[in-house]
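Worksheet: one structure, shown below.
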Amino acid sequence: MSDPDADLTELFRDESAERLDQMDTALLAVESGAAGAETIDSLFRNAHTIKGAAGMLGFDDVRALAHAAEDVLASVRTAGVFPPDFAAPLLRATAALRAQVNGTAEPVAGLLDDLAACRAGPPGDEPPGRAPEASTAAASERAAPAPAADVRTLRVPAEKIDHLLDVAGEIMQYRTRLAHSLGGQAGQAQDVAEAFGAGERMLDDLKDTAVGMRTLPLAVIAGPLPRMVRDVARAAGKEVEFVVTGADTELDRVILESLSEPLGHLLRNAVIHGIESPAERERAGKPARGRVELRATPRGSLVEIVVADDGRGASPEVIGEARREGSLADVLASPGYSTAEKVTDLAGRGVGLDAVRTYVHSVGGSLDVRSEPGQGMEVIQLLPVALALMEVLLFERGAAVYGVPLAVVEKVVMVTQTLTLEGRSALEVGGRSVPVADFADLIGAVAPPLGERPPALVISLGARRAVVTCDALLGEEEVVVKPLGPLLASLEGYLGASILGDGRIALLVEPAMLTRRSHAVPALTGPSAADGRAADGRAEAPKVLVVEDSFTVRELQRSILEAAGYSVVTARDGRDALAVLDRDAGVSLVITDLEMPELDGIGLTRAIRASTARSSLPVIIVTSRAAEEDRLSGIEAGADAYMAKRSFDQQALLATVERLVGR
Amino acid sequence: MPVYVRLRIASETYAMPVGHVLGVADIGQIRAVPRARPELLGLWNRRGRILPVVDLAQLLGVTRTGPPERVLIAEARGHQACFAIDDVSEIGELGDPAEETDSDLLAGATLADGDLVGVIDVPRAFASLEGLSGERP
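Chains A and B, in that order, are what the protein sequence lines are. Reminder that position 210 of the first sequence reads as 210 in this note's numbering, one-by-one numbering, no gaps. Reminder that position 69 of the second sequence reads as 1069 in this note's numbering, one-by-one numbering, no gaps.
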């Protein structure tokens, strides 16, 4: 059971944090001379409330400091003038209060003296030894905190809302199944159609409400940012105006919670690496005070979050490199890259734009960077509004269903003719050459070769595009995204999974993985395939399992396959082969003899076909029995190819293997 | 005496404390996850919940003779997972697993009806799975 004191303390922490954020925003406005009487009132009210609550809970240190701040604010209110120099000690007070509230307090005796001095002395009395600080401005949309709206709120644990959304999602699955069972509307009795239609409308409402409960405005995490920008700017000797627009834009709670860190990083980067020193700016004909912006704009099912600065921008060399590499984001987000010559403590050692990009990709978003030398830089994140529900395009490859967020699918095409460039396939889309790759190669799935003229998705993610081929397109659907769970959490490239109306599970694929890997997989088919493999050392050689009881034949086949660039494992009979397959899921093709002790080639083929995990694994039977009936029994057992040892030749074997593993 | 679910993998018998077992079902359709580790056979739809299917044979180092036919749904450490097995043989009491075993995943072994039964330490099995990277090595 919950401890009432602990609950109260928790409430106090939450409330104080919010009030301290409001005080920071107001004090920053005061510092820039943009504060009115209303701002002073709200500052006073907040200090007063924190003092009162702290006193009730027995937090005497908090009460004393809040009291000292309140006294300064009371004198200011009486005088009707707020000397901007008072803002600095008050900002130190809010920082100290925040630390105290969180239980990480430091001694505040000096600060209490400074506050007392503010109250007693004339405006402008700074503690000795401190240079007058440069004025920085924070003209945020929320510069003057609005009085709290009179809305009743309930505190509900986030898990309960997640559960509500889960349940709504599951009802949606049943709706899809029911609609499927009922058939088209034409076949339904009128009352059935009406009841179904009404249920459908209410379910949509329920779903939207549940999603709405999971989304929160960006303002929830934007509160401390002006203060952070100011502190970083001061420490770096920069003058910065920070502007937030679109703070009311809503985003998924889970995304918001994890967004603070990447945003903080981007803003620190903008101030430290982007904005020049005042002197440098003046030499470049810019105003001494730099400008950093945080803009959030809804874009359909996505939200665009831009961190922009008017600083020095990327160097011409970096921009030249970006032209060669594909995009500025690729160059700047390559691990370890930094726009400053030396890493400063302020920018956060070891965390670069690559960490931001990894985060953005992990939630199915994209990252783009635009910059011109001397003209500043824009870092654009496109993030989904809701994580739990997603519009996806479903497709099939190797008899399994996959989905990609619809927002990144530019269009779907039939691949009729591909160009081959440097051993890689490409397709002309809208006048530009875009790499083409088999989805099975990209995801690392075992799948039979693609048919002729396969359908394909054109994925467009920032500056990157890829054409991804599959067996069939199934259509678009709004699905409930479920995490893969802790056992598969570290597996990269998936956004999660979803249960479809027919009970099948669709794996939802991270689009960035597709565009990234499309540059690194071999060409689709044709003679250039070998070049493609050679050009990319990272491509793994497909692994072939040779099952043969004769040592000589086994080693002969091994040497032929290894010489052709395959990796080979062997087994003595069918039973041994099943054990190898159990141990090694990396096998992408089986070549088996027919007559063997323990379990023969037909038995092995049947066992492979019956296994859920590898029913689509290609099997070639090679044997001395070349009679037509033997060939038929092999094909009936599910073999993909049947070769007679008598007519056995290397080229035929390699061509068959190549056809079946799709390289 | 505590109650266990006894299960069969190839010719071997293992047991799980009944408190960790949520149910047993035919294996049906398993959704393979490309690039996942070989002992993770894929994902399974249990009444709208997506659960990972772990091959208990590979985890315990037992050589399988045929594909698994059943899944046993287990819960530990706040998570659920399915273990692919051949079948459940019995539910009943077992003596203390006093016999020592080599496997980290077993609490010990005990004799029952002439069989040596390995008693699976379910929380430890879950912990060891979570410690693995999902990616195929």
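Virtual Cβ for every residue (Gly too), placed ideally from N, Cα, C. Keep in mind that this is a model prediction, so the values were computed, not measured.
{"Query": "Counting only Cβ-Cβ distances shorter than 8 Å, please list the residues of the segment 463 to 486 of chain A near chain B, keeping chain order.", "Result": "Lys482, Leu484, Gly485, Pro486"}
{"Query": "Is the beta carbon of B:Glu1075 closer than 8 Å to that of A:Leu487?", "Result": "no"}
{"Query": "For A:Lys286, which residues in the same chain have their Cβ closer than 8 Å to its Cβ, ignoring the five residues on either side in sequence?", "Result": "Glu276, Asp310"}
{"Query": "At which residues does the alpha helix (DSSP H) containing A:Pro511 begin and terminate?", "Result": "511 to 517"}
{"Query": "By a C-beta neighbour count over all protein chains shown, 10 Å radius and 16 as the cutoff for buried, is B:His1020 buried or exposed?", "Result": "buried"}
{"Query": "Spell out the partners DSSP gives B:Cys1082 in its beta bridges.", "Result": "B:Val1053, B:Ile1073"}
{"Query": "Mind checking the segment 588 to 612 of chain A against chain B and listing, in chain order, the residues whose C-beta falls within less than 8 Å of any C-beta there?", "Result": "Ala607, Ala610, Ser611, Thr612"}
{"Query": "For A:Glu10, I'd like the list of residues in its chain whose CB is within less than 7 Å of its CB, leaving aside the five on either flank, ordered along the chain.", "Result": "none"}
{"Query": "Of all Cβ atoms in chain A, is any one closer than 8 Å to the Cβ of B:Thr1013?", "Result": "no"}
{"Query": "If I follow the unbroken alpha helix (DSSP H) through A:Leu267, where does it start and stop?", "Result": "253 to 269"}
{"Query": "Can you name the residues of chain B whose CB is closer than 8 Å to the CB of A:Arg583?", "Result": "Pro1038, Gln1058"}
{"Query": "Name, please, each residue of chain A whose Cβ falls closer than 8 Å to the Cβ of B:Pro1067.", "Result": "Ala607, Ala610, Ser611, Thr612, Ala613"}
{"Query": "Any beta carbon of chain B sitting closer than 8 Å to that of A:Glu170?", "Result": "yes"}
{"Query": "Below 8 Å between beta carbons: does that hold for A:Leu206 and A:Leu267?", "Result": "no"}
{"Query": "Closest to A:Lys51 by C-alpha separation, out of A:Ala88, A:Leu97, A:Leu27, A:Arg92, would be which residue?", "Result": "A:Leu97"}
{"Query": "If A:Arg283 sits next to A:Gly290, beta carbons under 8 Å apart, how far is it from one beta carbon to the other, in whole angstroms?", "Result": "That pair is no contact at about 14 Å."}
{"Query": "Step through the CB atoms of chain B and report whether any lies within less than 8 Å of the CB of A:Arg538.", "Result": "Confidence at A:Arg538 is low in this model, with a pLDDT of 37, below 50, so the placement of that residue should be treated as unreliable; the coordinate-derived value is given next. Output row for A:Arg538: interface = no."}
{"Query": "Against B:Leu1043, what residues of chain A qualify as contacts under a CB-to-CB distance less than 9 Å, listed in chain order?", "Result": "Leu484, Gly485, Leu488, Ala497, Ile505, Leu507"}
{"Query": "For the structure I just gave you, are there three or more beta carbon pairs, one from the segment 613 to 622 of chain A and one from the segment 587 to 605 of chain A, closer than 8 Å?", "Result": "yes"}
{"Query": "First and last residue of the alpha helix (DSSP H) that includes A:Met643?", "Result": "Premise fails: A:Met643 lies in the beta strand (DSSP E), 641 to 644, not in any alpha helix (DSSP H)."}
{"Query": "Note down, in chain order, all residues in the segment 1003 to 1033 of chain B with a beta-carbon under 9 Å from any beta-carbon belonging to chain A.", "Result": "Ile1027, Gly1028, Gln1029, Ile1030, Arg1031, Ala1032, Val1033"}
{"Query": "Tell me B:Thr1063's beta-bridge partners as DSSP assigns them.", "Result": "Paired residue(s): none; B:Thr1063 is not in a bridge."}
{"Query": "Are the beta-carbon atoms belonging to A:Thr570 and A:Arg558 less than 8 Å from one another?", "Result": "yes"}
{"Query": "Between A:Gln381 and A:Val360, which are expected to be in contact by the criterion C-beta below 8 Å, what is the C-beta distance as a whole number of angstroms?", "Result": "5 Å"}
{"Query": "Just the C-alpha distance for A:Leu57 and B:Leu1022, rounded to the nearest angstrom, thanks.", "Result": "46 Å"}
{"Query": "Taking any Cβ of chain A, which residues in the segment 1117 to 1130 of chain B have a Cβ under 7 Å from it, in chain order?", "Result": "Leu1129, Glu1130"}
{"Query": "Please confirm whether B:Ala1112 has its beta-carbon closer than 8 Å to some beta-carbon of chain A.", "Result": "no"}
{"Query": "Please determine, among A:Gly55, A:Val409, A:Glu31, the residue with the shortest C-alpha to C-alpha distance to A:Pro89.", "Result": "A:Glu31"}
{"Query": "When you check each C-beta in the segment 440 to 451 of chain A against every C-beta of chain B, which residues fall closer than 7 Å?", "Result": "Ile443, Gly444, Ala445"}
{"Query": "Under a Cβ-count criterion, where at least 16 other Cβ atoms within 10 Å of its own Cβ denotes burial, should A:Ser42 be classed as buried or exposed?", "Result": "buried"}
{"Query": "Please return the same chain residues whose Cβ sits closer than 6 Å to the Cβ of A:Arg253, not counting the five positions on each side in sequence.", "Result": "Arg214, Leu216"}
{"Query": "If we cut at 8 Å on Cβ distances, does B:Gly1035 have a partner in chain A?", "Result": "Checking the sequence shown, residue 1035 of chain B turns out to be Arg, not Gly. Output row for B:Arg1035: interface = yes."}
{"Query": "A:Val553 to A:Gly493, Cα distance in whole Å?", "Result": "40 Å"}
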